[in-house]
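Undergrad:
Protein chains: 2
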Amino acid sequence: MPAQKSKVTIFDVAKASGVSSSAVSYALNGKPGVSEETRAKVLDIARELGWKPNGAAQALAKARTRRIGLVLGYDPKLLAVESYMMELLSGLSAELERHDYALLLRMAVGRDAKIAIIKDWIATGSVDGLLLLNLEIGDPNVELLKGHPEMPVLALADPSLTGGLPTLSSDDAGAVDMAMRYLAELGHTRVARVAGPEALGHSYIRDAAFSQITAELGITYRCLHTDYTPESGAEATKLLLSLTPRPTAIIYDNDVMALSGLGVATGAGVSVPGELSLMSWDDSFMCTAAYPNITAMGRDVVGSGRQAAQLLLKLVDGGEVGCVEESPYQLRARASTAAPQA
Amino acid sequence: MPAQKSKVTIFDVAKASGVSSSAVSYALNGKPGVSEETRAKVLDIARELGWKPNGAAQALAKARTRRIGLVLGYDPKLLAVESYMMELLSGLSAELERHDYALLLRMAVGRDAKIAIIKDWIATGSVDGLLLLNLEIGDPNVELLKGHPEMPVLALADPSLTGGLPTLSSDDAGAVDMAMRYLAELGHTRVARVAGPEALGHSYIRDAAFSQITAELGITYRCLHTDYTPESGAEATKLLLSLTPRPTAIIYDNDVMALSGLGVATGAGVSVPGELSLMSWDDSFMCTAAYPNITAMGRDVVGSGRQAAQLLLKLVDGGEVGCVEESPYQLRARASTAAPQA
DNA sequence: TTGTAAGCGTTATCAC
DNA sequence: GTGATAACGCTTACAA
Chain S
1 MPAQKSKVTI FDVAKASGVS SSAVSYALNG KPGVSEETRA KVLDIARELG WKPNGAAQAL
61 AKARTRRIGL VLGYDPKLLA VESYMMELLS GLSAELERHD YALLLRMAVG RDAKIAIIKD
121 WIATGSVDGL LLLNLEIGDP NVELLKGHPE MPVLALADPS LTGGLPTLSS DDAGAVDMAM
181 RYLAELGHTR VARVAGPEAL GHSYIRDAAF SQITAELGIT YRCLHTDYTP ESGAEATKLL
241 LSLTPRPTAI IYDNDVMALS GLGVATGAGV SVPGELSLMS WDDSFMCTAA YPNITAMGRD
301 VVGSGRQAAQ LLLKLVDGGE VGCVEESPYQ LRARASTAAP QA
Chain R
1001 MPAQKSKVTI FDVAKASGVS SSAVSYALNG KPGVSEETRA KVLDIARELG WKPNGAAQAL
1061 AKARTRRIGL VLGYDPKLLA VESYMMELLS GLSAELERHD YALLLRMAVG RDAKIAIIKD
1121 WIATGSVDGL LLLNLEIGDP NVELLKGHPE MPVLALADPS LTGGLPTLSS DDAGAVDMAM
1181 RYLAELGHTR VARVAGPEAL GHSYIRDAAF SQITAELGIT YRCLHTDYTP ESGAEATKLL
1241 LSLTPRPTAI IYDNDVMALS GLGVATGAGV SVPGELSLMS WDDSFMCTAA YPNITAMGRD
1301 VVGSGRQAAQ LLLKLVDGGE VGCVEESPYQ LRARASTAAP QA
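As given, the protein sequences belong to chains S and R, one line each in that order.
Sequence positions in the first sequence follow the working numbering and run 1 to 342.
Sequence positions in the second sequence follow the working numbering and run 1001 to 1342.
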């Protein structure tokens, strides 16, 4: 029994206004084919009856779901830790909302879950397009989606990782450059970095950029990879503080690790920024809530979300999108960085 | 080898296996009406052809979308600030995933946007059920949904706010009690609270509980309402520190404000926990990343998300859910609280 | 300008 | 056990 929810259909509206269902459809969709008079009457009656199009029926007939898909990697701790994701989500769905689109969210729990979900979306037509995040090097999803040009996709990653898919990228290399020159100008010559997982695309991009620019600037550079958690950030910081000679500045790949690094330094009696300068990537409230305030490489993540939504909708509408660059990082100098003590 | 579009329909499968489309449907849905032999053959061919059910068609025929709706309030800063939301989202969608459900997310941008979205979902049948968060006092959505029993809904709020709707509630009053007794036992007699927006249901619940228990314990209590941001948390902290006599303990309604409060105190030369004890509500990585570690009232938010999903799916399946209480808060004593100096 | 009817892909109700 | 066939609600040729 196809459960009917006693909903108002266009047939009800048609009957009530004494016209055919197609006339109602034309009227409601603002399409030609009905007189203005009829249209007005139909619209009136539709509103009166509280008619709304059934989503499934519309999706079936038009092959358009008005949904954009996003797969999150399952790691509650990490997700929560990174305000990045929530900010992106905000911008994304706020912009989608303006276009009457919704966001369909699924969580990739296992190893191959992400690609399975995307395959499912392609086969079942559950979304009109999707956003690809957190690409890994040689990410299989890129190949999959290149084989399915009928599914619009926007990758948020460095162009070198997206194999020619439409891409919204950030200038991480430029930001690395900016950050290192800043520290170099302050007089730092021994800089360490607490990075994210090596497999993640943007870690990789930054790795390369850091190596190059530090070599260029004659800076001694040391990099430790972590899993982004505060614990691993603390661990890495302890290790770095035990080195001799100790680095005079540490830059963290996210703000949580920067915060916990600050805690470790403070707890160990290493004064910040007197004896140690700290910098964070991905500026957030944490950087300004911490004491001392943490210098950070920030950007407009909410804005990126909006932009991603716009580009994706353009693709859904059949438009072309190549490789777009989002608004650049800014260096937000705060109290956690200073010239190193002689 | 990957098939083209989702153009594979049950008719294709039917043709390829030499049976009718209804036989295919029965076979694929594990329903009786088809011999085991035929079933096996059909399943084989369906897999071979890469058949997947079209979501829209299935939704139309079964009046089931396999989607759960969630409306977020639009405030990117706040959303990002509260790791609560992201943790909840994680648990929620991880559990939904296990049941082959997805989360449909929309953002309420204007004043009446939330109720408009919910009305839309009810009328268009875009979701099988929805979760109601951040209830305000006398929230109009409660009335709306009580008038639409065909739309399963679970409210995450205090039962006193949900008007009899199925509810998953936390024992905030109990937690308030626990927190205040802890501070009282340490010897605190002047306690302040930096709370969230007054209109929010759980602020209200806590307000009442705090007033009652402090009166009972003979504690001088002062409460300031904020908008949850680190800035307002800092502001409130400054004000409280300027009082004479100064409170000996401050408890914050979220961890961001606690962190920024800690920064303010440290910056003002007020030692924590020596001269001032700090406590936070909603424990997160921030509390353990901060120095000193912040004592907090924590709970298993991811677990609550999972539980909410389970309850909601039970409702969707026609089950009954009354008022369920989630796992209780825990007092996680850390370094930011101590006995007040004489 | 209108109405009729054929899809869209599945599920469910029938006869056979 | 099997296969036509009618829903499901909407869009859109194609007739009238």
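For glycine and all other residues, C-beta sits at the position ideal for the given N, C-alpha and C.
It should be emphasised that the depicted structure is a prediction, and the values quoted were computed from it without experimental measurement.
Interface residues of chain S around SER1327 (chain R) at Cβ under 9 Å?
TA: The contacting residues do not exist; SER1327 (chain R) stays about 15 Å from chain S at best.
Undergrad: Going along chain R, which residues have a C-beta under 8 Å from ASN54 (chain S)?
TA: The answer, in chain order, is LEU1060, THR1124, GLY1125.
Undergrad: Counting C-beta neighbours from all protein chains within 10 Å, is the total for ASP282 (chain S) 16 or more, i.e. buried, or is it exposed?
TA: Its Cβ being crowded by 16 or more others within 10 Å, ASP282 (chain S) is buried.
Undergrad: If I measure Cβ to Cβ from GLN307 (chain S) and keep anything under 7 Å in the same chain, skipping five residues before and after, which residues do I get?
TA: The answer, listed in chain order, is LEU168, GLU326.
Undergrad: For LEU78 (chain S), does the three-state DSSP call read helix, strand or coil?
TA: Helix, per DSSP.
Undergrad: Can the beta-carbon of SER1203 (chain R) be found closer than 8 Å to that of ALA1195 (chain R)?
TA: Contact flag set, yes.
Undergrad: Is THR283 (chain S) close to chain R? Criterion is C-beta to C-beta, closer than 8 Å.
TA: According to the sequence as given, residue 283 (chain S) is Asp; it is not Thr. Output row for ASP283 (chain S): interface = no.
Undergrad: Can you tell me which of R:LEU1154, R:LEU1200, R:ILE1118 puts its alpha carbon nearest to the alpha carbon of SER1304 (chain R)?
TA: Selected option, being the one with the closest Cα: R:LEU1154.
Undergrad: At which residue ranges does the region 1017-1091 of chain R contain complete beta strand (DSSP E) runs of 3 or more residues, listed in the order of the chain?
TA: Runs of the beta strand (DSSP E) inside the region 1017-1091 of chain R: 1067-1073.
Undergrad: Runs of 3 residues minimum, wholly inside the region 1087-1128 of chain R: which ones carry the beta strand (DSSP E) assignment?
TA: Complete beta strand (DSSP E) runs here, min 3: 1102-1108.
Undergrad: Scan the region 1084-1097 of chain R for residues whose Cβ lies nearer than 7 Å to a Cβ of chain S and list them as they occur along the chain.
TA: Going along the region 1084-1097 of chain R in chain order, one finds MET1085, MET1086, GLU1087, SER1090, GLY1091, SER1093, ALA1094, GLU1097 with a Cβ nearer than 7 Å to chain S.
Undergrad: Are the Cβ atoms of LEU1104 (chain R) and GLY1073 (chain R) separated by less than 8 Å?
TA: Cβ distance not < 8 Å, so LEU1104 (chain R) and GLY1073 (chain R) don't count as in contact.
Undergrad: For LEU1278 (chain R), count the other beta carbons within 10 Å of its own beta carbon; 16 or more makes it buried, fewer makes it exposed. Which is it?
TA: Buried.
Undergrad: Evaluate THR1337 (chain R) with the Cβ neighbour count: other Cβ atoms within 10 Å of its Cβ, from every protein chain shown; 16 or more gives buried, anything less gives exposed.
TA: By the neighbour-count rule (16 or more Cβ atoms within 10 Å), THR1337 (chain R) is buried.
Undergrad: Who pairs with CYS223 (chain S) in a beta bridge, going by DSSP?
TA: DSSP, once it has assigned bridges, lists S:ARG193 as partnering CYS223 (chain S).
Undergrad: Which residues in chain S have a C-beta closer than 7 Å to the C-beta of PRO1230 (chain R)? List them in chain order.
TA: What PRO1230 (chain R) touches in chain S: PHE285, THR288, ALA289.
Undergrad: According to the neighbour-count rule (16 or more other Cβ atoms, all chains shown, within 10 Å of its Cβ), is ILE117 (chain S) buried or exposed?
TA: Label assigned to ILE117 (chain S): buried.
Undergrad: Using alpha carbons as the reference points, say which of S:GLN310, S:GLU82, S:ASP12 lies closest to PRO166 (chain S).
TA: Checking every option, the nearest Cα to that of PRO166 (chain S) belongs to S:GLN310.
Undergrad: In angstroms, rounded to a whole number, what distance separates the CA positions of ASN254 (chain S) and GLU82 (chain S)?
TA: Distance between the alpha carbons of ASN254 (chain S) and GLU82 (chain S): 8 Å.
Undergrad: Alpha carbon to alpha carbon, how far is SER1170 (chain R) from GLN4 (chain S)? Give it in angstroms, no decimals.
TA: Low per-residue confidence applies at GLN4 (chain S): pLDDT is 35, beneath 50, and the placement is therefore not dependable, though the value from the model is reported in the following sentence. Cα to Cα, the separation comes out at about 36 Å.
Undergrad: If distances are taken between C-alpha atoms only, which option among S:ARG332, S:VAL316, S:CYS323, S:ALA46 comes closest to GLU150 (chain S)?
TA: For GLU150 (chain S), the nearest C-alpha among the options comes from S:VAL316.
Undergrad: Inspect the beta-carbon positions of PRO76 (chain S) and VAL1302 (chain R) and report whether they are closer than 8 Å.
TA: Going by C-beta atoms, PRO76 (chain S) is nearer than 8 Å to VAL1302 (chain R).
Undergrad: Please classify GLU422 (chain S): does DSSP put it in a helix, a strand, or coil?
TA: No statement about residue 422 (chain S) is possible, as the shown extent of chain S runs from 1 to 342 and does not include it.
Undergrad: Between the Cα of ARG1066 (chain R) and those of R:ALA1333, R:LEU1088, R:ARG1098, spot the shortest distance and give me the residue it belongs to.
TA: Per the Cα distances, R:ARG1098.
Undergrad: Taking only the alpha-carbon atoms, compute the straight-line gap between MET1001 (chain R) and ILE115 (chain S) and give it to the nearest angstrom.
TA: In this prediction, MET1001 (chain R) scores a pLDDT of 30, lower than 50, which makes its location untrustworthy; the coordinate-derived value is nonetheless stated afterwards. Each residue's Cα considered, the two are about 16 Å apart.
Undergrad: Just how far apart, CA to CA, sit LEU1131 (chain R) and GLY1201 (chain R)?
TA: Looking at the two C-alpha atoms, the distance is approximately 16 Å.
Undergrad: Applying a beta-carbon distance threshold of less than 7 Å, which residues of chain R neighbour SER260 (chain S)?
TA: Within chain R, the residues near SER260 (chain S) are ALA1289.
Undergrad: Let me know the alpha helix (DSSP H) ranges lying completely inside the region 1151-1214 of chain R, each 4 residues or longer, listed in chain order.
TA: Listed in chain order, the complete alpha helix (DSSP H) runs (minimum 4 residues) inside the region 1151-1214 of chain R are 1172-1186.
Undergrad: So, does the CB of LEU1239 (chain R) fall closer than 8 Å to a CB anywhere in chain S?
TA: Not an interface residue.
Undergrad: Does DSSP put ARG334 (chain S) in a helix, a strand or coil?
TA: ARG334 (chain S): coil per DSSP, three-state reduction.
Undergrad: Give me the Cβ distance between LEU1331 (chain R) and TYR1182 (chain R), rounded to the nearest whole Å; I'm assuming they're in contact under 8 Å.
TA: Indeed they touch by this definition, with Cβ atoms about 6 Å apart.
Undergrad: I think GLY1050 (chain R) touches ALA123 (chain S), with their Cβ atoms under 8 Å apart; what is that distance to the nearest whole Å?
TA: Confirmed, about 7 Å.
Undergrad: In angstroms with no decimal places, state the Cα-to-Cα distance between ALA224 (chain S) and ASN1134 (chain R).
TA: Looking at the sequence provided, one finds Leu at residue 224 (chain S) rather than Ala. The straight-line gap from Cα to Cα measures roughly 40 Å.
Undergrad: So with Cβ pairs under 8 Å, would you call GLY1267 (chain R) a contact of chain S?
TA: Chain S contact via Cβ: present.
Undergrad: On the CB-based measure, 16 or more other CB atoms within 10 Å of its CB, does ASN141 (chain S) come out buried or exposed?
TA: Counting Cβ neighbours within 10 Å, ASN141 (chain S) comes out buried, since at least 16 surround it.
Undergrad: What would DSSP say about ALA296 (chain S), mapped onto helix, strand or coil?
TA: Strand, per DSSP.
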